[in-house]
Amino acid sequence: MSDNGCGFPAPGLNSFLFKPLFTAGGFEFNKVMLLALVTTALVVAFFWAAFGNAKVVPGKLQLAAEAGYDFVRRGIVYETLGKKEGEKYVPLAVSLFFFIWIMNIWSVIPLAQFPVSSVIAFPMVLAAIVWILWVSLTFKKHGFVGFFKNVTGYDKSLGAVLPLVMVIEFFSNLFVRPFTHAVRLFANMFAGHLMLVMFTVASWYLLNSYMIPAAGVSFVMTMIMILFELFVQAVQAYVFVLLTCSYIQGALAEHH
Numbered sequence: 025m026s027d028n029g030c031g032f033p034a035p036g037l038n039s040f041l042f043k044p045l046f047t048a049g050g051f052e053f054n055k056v057m058l059l060a061l062v063t064t065a066l067v068v069a070f071f072w073a074a075f076g077n078a079k080v081v082p083g084k085l086q087l088a089a090e091a092g093y094d095f096v097r098r099g100i101v102y103e104t105l106g107k108k109e110g111e112k113y114v115p116l117a118v119s120l121f122f123f124i125w126i127m128n129i130w131s132v133i134p135l136a137q138f139p140v141s142s143v144i145a146f147p148m149v150l151a152a153i154v155w156i157l158w159v160s161l162t163f164k165k166h167g168f169v170g171f172f173k174n175v176t177g178y179d180k181s182l183g184a185v186l187p188l189v190m191v192i193e194f195f196s197n198l199f200v201r202p203f204t205h206a207v208r209l210f211a212n213m214f215a216g217h218l219m220l221v222m223f224t225v226a227s228w229y230l231l232n233s234y235m236i237p238a239a240g241v242s243f244v245m246t247m248i249m250i251l252f253e254l255f256v257q258a259v260q261a262y263v264f265v266l267l268t269c270s271y272i273q274g275a276l277a278e279h280h
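In the numbering used here, the protein residues as written are 25 to 280.
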């Protein structure tokens with residue numbers, strides 16, 4: 025922990041750095057990677073256990089899985105893509121939603137206490153997967169010329185400003201879009217974790233000083249922040265999947 029001169033160990037970027045759990049052939053495996061693997065295993069195991077032997081009259085586990093699956097299917101995919109076009113993308117949307125949600129939830133789980141999504145590499149990889157899907161769908165649906173018109177916002181009615189608009193749209197769609205898609209998730213989880221660490225450390229610091237009443241206030245703020253983070257974690261998973269479906273819809277839409 026760093027010291028700011030008053031004795032308070034202010035949290036910083038050191039809160040996002042972890043020593044490797046082990047090293048193999050120059051490859052370092054740390055806590056964040058472990059949490060990502062556990063997240064994958066949990067999501068796969070949950071849906072496998074729920075639907076591997078699905079029953080007409082569902083049990084509690086199957087009922088919970090069906091509720092989550094149906095929420096993403098109807099609340100995000102169908103609302104954005106429609107039932108006919110959207111059905112084939114439901115598995116992707118459900119996988120992304122629950123994978124991101126569980127990665128975020130680790131922030132408030134004892135011992136783990138770290139949101140995997142606050143490490144930029146993970147949101148970037150997920151955003152890259154969505155970007156590759158969007159590009160491939162646009163090519164498949166519209167061909168090369170149609171793809172060019174799609175990513176440049178080509179519209180003859182714009183007249184003299186058309187070249188400027190095309191350049192802006194080209195860079196926005198091909199470069200800015202995947203970047204903002206990833207950073208939106210990363211930044212929210214990064215900031216939320218930093219706030220939680222700050223209030224948690226402050227509570228402990230004040231409790232061990234003469235400012236015990238202030239420690240109580242800080243502890244209450246920590247609890248409020250945890251509840252708020254639980255809300256934000258679910259919202260960020262929802263927004264990421266909603267944008268994914270929006271990009272797919274844009275790739276499939278007819279352009280004139």
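Ideal placement from N, C-alpha and C gives every residue a C-beta, glycine not left out. The structure presented is a predicted model; accordingly, all values stated were derived computationally and were not measured.
Taking only runs of the alpha helix (DSSP H) that begin and end inside the segment 110–150, which ones reach a length of at least 4 residues, in chain order? Correct list: 114–129.
Across which residues does DSSP place Ala48 in a beta bridge pair? BP columns for Ala48 point to Phe51.
Might you give, ordered along the chain, the residues of its own chain that have their beta carbon closer than 8 Å to the beta carbon of Leu186, omitting 5 neighbours on each side? When the five nearest sequence neighbours on each side are left out, the beta carbons in the same chain lying within less than 8 Å of the beta carbon of Leu186 are those of Tyr178, Asp179 and Lys180, in order along the chain.
Top-ranked residue by Cα proximity to Val265, from Lys43, Phe122, Lys164 and Phe214: Closest by alpha carbon: Phe122.
Could you say if the segment 105–117 and the segment 51–68 meet the contact criterion of at least three C-beta pairs nearer than 8 Å? Touching, no, given that fewer than three Cβ pairs across the two stretches are closer than 8 Å.
For Lys43, name the three-state secondary structure that DSSP assigns. Residue state, collapsed to three classes: coil.
Give me the Cα-Cα distance between Leu161 and Val175, rounded to the nearest whole angstrom. Looking at the backbone, the Cα of Leu161 and that of Val175 are separated by about 12 Å.
Three-state secondary structure (DSSP) of Gly29: Here Gly29 scores only 49 on pLDDT, less than 50, and its place in the model is too uncertain to base an answer on.
How far does the alpha helix (DSSP H) with Glu90 in it reach, from first residue to last? Counting along the chain, the unbroken alpha helix (DSSP H) around Glu90 starts and ends at Lys84 to Val96.
Please confirm whether Ser131 and His217 have their CB atoms less than 7 Å apart. Yes, these two residues count as a Cβ contact at 7 Å.
Taking only runs of the alpha helix (DSSP H) that begin and end inside the segment 177–235, which ones reach a length of at least 4 residues, in chain order? Whole alpha helix (DSSP H) segments, 4+ residues: 186–195 and 201–231.
Whole-number beta carbon distance between Ile100 and Tyr262, since they are thought to touch under 8 Å: Contact flag correct, Cβ pair sits at about 7 Å.
Using C-beta distances below 8 Å, list every residue in its chain close to Ser242, excluding the 5 sequence neighbours before and after it, in chain order. Closer than 8 Å at the Cβ level, and outside the excluded window around Ser242, lie Phe223, Ala226, Ser227 and Leu230.
Taking Phe138 as the reference, which of Ala60, Thr268 and Leu120 has the closest Cα? When the alpha-carbon of Phe138 is set against those of Ala60, Thr268 and Leu120, the nearest one is in Ala60.
Among the residues of its own chain, which have a CB less than 6 Å from the CB of Gly183, if the five just before and after it don't count? Non-local beta-carbon contacts of Gly183 in its own chain, meaning distances under 6 Å to residues more than five positions away in sequence, are absent.
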